[in-house]
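Engineer: Starting off with a structure, shown below.
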Amino acid sequence: PVIPGSCYKVHDGTRPQPRVVTPGTESSPGAAGVPPSDAVVLFDGSCLCGWVSAGDGSAAGWKLKDGYMEAAPGSGNIASTEKFGSCQLHVEWASPMLVKGDGQGRGNSGVFLMGLYEIQVLDCYDNPTYADGTTGGIYGQYPPLVNACRKPGEWQSYDIIWVAPLFAGDKLVSPARVTVLLNGVLLHHDKEVQGPTQHRILAGYGPHDAKLPLVLQDHGDPVRFRNIWYRPLTDYDQG
Ligand code: MG
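The sequence shown: position 124 = 876 (the working numbering), numbered continuously.
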């Protein structure tokens, strides 16, 4: 029989084979892993090329250190020069080992998908704050399912499946959807995002480009990042 929605029979031998991708390797505390073979690498620890100041496009003011970059407080958010929409995104981060401040003031940064939709980065190890602003929260909208934080100073990973919103002219056709894992633990599953994340106000969509930069937040804390890459989800890409 023919499979509904396709032109192939069940177990059809003429159906195209999946594309071959060589998997990457896991990171260790001391070294970043290798991305999958078809990943677009945004940061491999060797230089800040590919990143600019999100505010004015000038050189990124963050510090490049031994295989990672660190937010230089006051230098501002940074943006990838690469622009993309729907994707599988991998980001590793570490909050400062020296614990300072509390609540939103401890190891705060953020991963802004398309520069607009923040997955919160925060040191929430033994550090309560408002739930929709905890580590992995879709900021101001949805708390994560669980708190899967490692200790301050330890490398942590986000694996994010992002389906970009779709607009027709000024109209929203379909909202963004996101799945997030922190350290391999599910935080959000195919969650419908309400719009660009905001502080103390409700979110709402406005039309924007189908491809935009990834932005990392300078929230005044020296949070570190390494091993950042994405794979475009071409089947979902609406650009
Ligand atoms: Mg933040």
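Using N, Cα and C, we set each Cβ at its ideal position, and we do this for glycine too.
Bear in mind that the values here come from a model prediction, so they are computed numbers and not experimental data.
1. Considering only their Cβ atoms, is the gap separating A846 from Y820 smaller than 9 Å?
2. Closer than 8 Å to a non-hydrogen atom of the ligand MG - does that hold for the CB of L897?
3. Measure from the C-beta of T774 to each C-beta in chain B and report whether the shortest distance is under 9 Å.
4. What residues in its chain sit with their C-beta under 8 Å from that of D989, if we drop five residues either side in the sequence?
5. For the ligand MG, list every residue whose C-beta falls under 7 Å from any of its heavy atoms, going in chain order.
6. Enumerate, from N- to C-terminal direction, the unbroken alpha helix (DSSP H) stretches of 4 or more residues contained entirely within the region 832-920.
7. I need the straight-line Cα distance from V945 to I871, nearest angstrom please.
8. Output yes or no for whether 9 Å exceeds the beta carbon distance between G809 and S827.
9. Return the chain-ordered list of same chain residues with a C-beta closer than 7 Å to the C-beta of K815, the five sequence neighbours on each side being excluded.
10. Using only alpha-carbon positions, find the residue among V937, F977, L966 that is nearest to P896.
11. Tell me the residue span of the beta strand (DSSP E) that contains K943.
12. Does the region 896-905 come within contact of the region 842-862, defined as at least 3 CB pairs closer than 8 Å?
13. Does the structure place the region 860-875 close enough to the region 966-980 that three or more beta carbon pairs sit under 8 Å?
14. Sort K817, D818, C799 by Cα distance to A811 and report the nearest one.
15. According to DSSP, simplified to helix, strand and coil, what is T766?
16. Are the beta-carbon atoms belonging to D796 and A806 less than 9 Å from one another?
17. With DSSP as the reference, label A983 as helix, strand or coil.
18. Measure the beta-carbon distance from D884 to H842 and round it to whole angstroms, keeping in mind my assumption that it falls under 8 Å.
19. For the beta strand (DSSP E) containing K923, list its first residue and its last residue.
20. Spatial neighbours of P781 within its chain, please: CB distance less than 8 Å, with the 5 preceding and 5 following residues excluded, ordered by chain position.
21. Compute the Euclidean distance between the alpha carbons of P948 and G892, then round it to the nearest angstrom.
Structural biologist: The answer reads as follows:
1. In the sequence shown, residue 820 corresponds to position 68, counting from 1. In the sequence shown, residue 846 corresponds to position 94, counting from 1. Yes, Cβ-Cβ distance for Y820 and A846 is below 9 Å.
2. One-based indexing of the sequence shown puts residue 897 at position 145. No, the ligand MG has no heavy atom inside 8 Å of this Cβ.
3. Among the chains of the structure shown, chain B does not appear; only one protein chain is present.
4. Your numbering for residue 989 matches position 237 in the sequence shown. With a pLDDT of only 47 at D989, under 50, the local geometry of the prediction cannot be trusted, and no value is derived from it.
5. N860, S861, G862, E870, Q872, V873, L874, Y891, Q969, H971
6. none
7. Sequence index remark: in the sequence shown, residue 945 carries index 193 (1-based). Sequence index remark: in the sequence shown, residue 871 carries index 119 (1-based). When only Cα atoms are considered, V945 and I871 end up about 11 Å apart.
8. The residue you call residue 809 lines up with position 57 of the sequence shown. The residue you call residue 827 lines up with position 75 of the sequence shown. Going by C-beta atoms, G809 is not nearer than 9 Å to S827.
9. Locating residue 815 in the sequence shown gives position 63, counting from the first residue. If we look at K815 and ignore the five residues flanking it on each side, its Cβ neighbours are M821, E822, A824.
10. Here the question's residue 896 lines up with position 144 in the sequence shown. Closest option to P896, Cα to Cα, is V937.
11. Translated into positions along the sequence shown, residue 943 becomes position 191. Taken as a continuous stretch (DSSP letters only), the beta strand (DSSP E) holding K943 covers 937-944.
12. Touching, per the Cβ criterion.
13. yes
14. What you label residue 811 is simply residue 59 of the sequence shown in a count that begins at 1. When each option's Cα is compared against that of A811, the closest is C799.
15. On the sequence shown, position 14 is the one that residue 766 refers to. DSSP places T766 in coil when its eight states are reduced to three.
16. Residue 796 sits at position 44 when you count from the first residue of the sequence shown. Residue 806 sits at position 54 when you count from the first residue of the sequence shown. Cβ distance not < 9 Å, so D796 and A806 don't count as in contact.
17. For the purposes of this step, residue 983 is identified with residue 231 of the sequence shown, where counting begins at 1. Per the sequence shown, residue 983 should be read as Arg rather than Ala. It is a strand residue.
18. Along the sequence shown, read from residue 1 onward, the residue named residue 884 stands at position 132. Along the sequence shown, read from residue 1 onward, the residue named residue 842 stands at position 90. Wrong, their Cβ atoms sit about 24 Å apart, outside the cutoff.
19. As a position in the sequence shown, residue 923 is number 171, starting the count at 1. K923 -> beta strand (DSSP E) spans 923-926.
20. On the sequence shown, position 29 is the one that residue 781 refers to. Cβ within range, chain order: E906, W907.
21. On the sequence shown, residue 948 is found 196 positions in, with the first residue counted as 1. On the sequence shown, residue 892 is found 140 positions in, with the first residue counted as 1. Each residue's alpha carbon lies about 10 Å from the other.
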